[in-house]
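Note sheet for the following structure.
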Amino acid sequence: MRNASLRKLTVGTVAAGLLLTGCGTTAEGGSASGGGTQEGPVSGLRVLVPNSPGSGYDTTARALAQVAEEEELAQTIEVFNLEGAGGTVGLQRLVNETGNADMLMQMGLGVVGAQYSNQSEATLEQTTPIARLIEEAEAIVVPADSPFQNIDDLVAAWKADPGNTPVGGASNPGGPDHLTPMLLAQQVGVTPTSVNYVAYDGGGELLAGILGGDVAFAATGIGEVTEPAASGDVRILAVTSEAPVEGVDAPTLTESGVDLTFTNWRGIVAAPDITAEEAQRHIDLITQVHDSEAWQQVLEDQGWTDSFATGDEFGSFLDEESRRVEGVLSELGLT
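In terms of the numbering used here, the sequence shown is residues 1 to 335.
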């Protein structure tokens, strides 16, 4: 595939760093955002979200589209969901749209991992890298009525009976919500291969699983559980960032005595084989969104960390992440 600086992942012997960020049909041919000089706002752009409404990808894509429209950088961006196989159903759709410069896909570390866990024929190497947008801490979360009041309570029960302490996540194996509990397990003395991991296709389905008691705990992006935590529906036991997350009443794992930090990330890719000019138009659009005060407010409101990189820099980052994910999965005995 396609080296940018990465935040560290501290976890026992695992030294690899991992930065962990409406429905419709395909527009056929043409490119409102490509070819020739673009006058005025971009039009005809569609953004594919490869998992369910309410997920972190979905929230990011819709926030991006809203800012682009409010700043009059684009008109009527269509954001649509195509769920399945940890994001690789959507990835296959994007790869099938070769040459279509009207379609982008929201993605992140979860899709990187799903390439391996699902043995996907479509790969990110086939896509056109546009931009990395944000980083986000993971949260270790339990239902509000859980007997686990802190990480120590959870770890004690988990070590005693990992098979009957299921953990949920909105990622297929290799994604951030999967890697977080696997690396946590390794760090606290639970054999990763004994972990009972339950994969959900998006944050909305995961939240339902948490509230329904289908899992004992979950790992998910902090932005997906801040509101349920504020309303008292769930309790966040810890966050995976190096420093506490502003506005979240939970310690870091390191503050809780677990030597693990982990950060998720999200970005945008385009279809294969679009022209360099078409790719640059997308980069220019996303850059203008990124530089706006409205987007900076979104980052603050969502608790996201700015992690902006574009084009070749983002492409190199994707290559490195793919190699790192594959290596970590192998080291944990999960491939």
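Yeah, the Cβ is synthetic: ideal placement off N, Cα and C, and Gly gets one too.
First and last residue of the uninterrupted alpha helix (DSSP H) at residue i
i       : result
Tyr-200 : Where Tyr-200 is concerned, there is no enclosing alpha helix (DSSP H), given that its DSSP letter is neither H nor E.
Thr-220 : Taken as a continuous stretch (DSSP letters only), Thr-220 belongs to no alpha helix (DSSP H), being part of the beta strand (DSSP E) at 217 to 221.
Gln-115 : 109 to 117
Pro-228 : 226 to 230
Delimiting residues of the beta strand (DSSP E) encompassing residue i
i       : result
Asp-306 : 305 to 310
Ala-131 : 128 to 143
Ala-238 : 234 to 239
Val-49  : 46 to 49
Same chain only: Cβ atoms within 6 Å of residue i, ignoring 5 sequence neighbours per side
i       : result
Gly-24  : Annotation note: pLDDT 33 at Gly-24 (below 50); position unreliable, coordinate value reported separately. Correct list, in chain order: Glu-78 and Phe-80.
Ala-199 : Asn-172
Thr-88  : Ala-114, Asn-118 and Ser-120
Gln-104 : One detail in the question is off: residue 104 reads as Leu in this sequence, not Gln. Taken in chain order, the residues that qualify are Val-47, Ile-268 and Ala-270.
Arg-266 : Thr-21, Thr-60, Gly-108, Leu-133 and Ile-134
Gln-302 : Gly-223
Ala-250 : Ile-236, Ala-238 and Val-239
Val-141 : Ala-218, Val-225, Val-234 and Ile-236
Ala-185 : Pro-192 and Val-195
Asp-153 : none
Ala-63  : Val-298
Arg-93  : Leu-82
Residue-level contact to chain C via CB, residue i, 8 Å cutoff
i       : result
Glu-246 : Reference to chain C is not applicable here, since this structure consists of a single protein chain.
Buried or exposed (CB count within 10 angstroms, at least 16 for buried), residue i
i       : result
Arg-323 : exposed
Ser-52  : buried
Ser-120 : buried
Thr-191 : exposed
Ser-117 : buried
Gly-189 : exposed
Asp-201 : buried
Pro-176 : buried
Ala-230 : exposed
Thr-76  : exposed
Asn-264 : buried
Gly-163 : exposed
Gly-34  : The predicted model places Gly-34 with a pLDDT of 40, which falls under 50 and marks its position as unreliable; any figure quoted below should be read in that light. Buried, since its Cβ has 16 or more Cβ neighbours within 10 Å.
Asp-291 : exposed
Gly-86  : buried
Asp-412 : This structure leaves residue 412 out entirely; the chain is present only between 1 and 335.
Gly-90  : buried
Gly-339 : Outside the shown range of the chain (1 to 335) lies residue 339, about which nothing can therefore be said.
Thr-165 : buried
Ala-243 : exposed
Gly-40  : exposed
Gln-296 : exposed
Gly-392 : Residue 392 falls outside the range modelled here, since the chain spans only 1 to 335, and no answer is possible.
Gly-247 : exposed
Gly-174 : buried
Gly-203 : buried
Cβ neighbours of residue i in the same chain (closer than 8 Å, five flanking residues each side left out)
i       : result
Pro-143 : Ile-210, Leu-211, Gly-213, Asp-233, Val-234 and Arg-235
Leu-299 : Ile-134, Thr-305 and Asp-306
Thr-252 : Ala-238, Val-239, Thr-240, Ser-241, Glu-242, Ala-243, Pro-244 and Thr-261
Cβ shell of residue i (< 7 Å), same chain only, five flanking positions each side left out
i       : result
Tyr-197 : Val-167, Gly-169, His-178 and Pro-181
Asp-273 : Thr-98 and Gly-99
Ala-65  : Val-47, Ile-77 and Val-79
Pro-129 : Arg-2, Val-269, Gly-311, Phe-314, Gly-315 and Leu-318
Ala-137 : Ile-222, Val-239, Thr-240, Ser-241, Val-245 and Thr-263
heavy atom of the ligand ATP below 7 Å from residue i C-beta
i       : result
Met-105 : With respect to the ligand ATP, the structure offers nothing, as it holds no ligand at all.
Practice problem: Counting only runs of 4+ residues fully inside the stretch 270 to 294, write out the alpha helix (DSSP H) ranges in chain order. | Solution: 276 to 291
Self-check item: Uninterrupted beta strand (DSSP E) stretches inside the stretch 146 to 181 (no shorter than 3 residues)
Solution: 167 to 169
Quiz item: Which runs of the alpha helix (DSSP H) fall wholly inside the stretch 56 to 89 and span at least 4 residues, in chain order?
Solution: 56 to 70
Quiz item: Hey, is the stretch 93 to 101 in contact with the stretch 53 to 73, meaning 3+ C-beta pairs nearer than 8 Å?
Solution: no
Self-check item: Touch test, the stretch 252 to 262 against the stretch 272 to 290, Cβ-Cβ under 8 Å, three pairs minimum
Solution: no
Practice problem: Take every Cβ of the stretch 297 to 311, pair it with every Cβ of the stretch 141 to 160, and state whether three or more of those distances are shorter than 8 Å. | Solution: no
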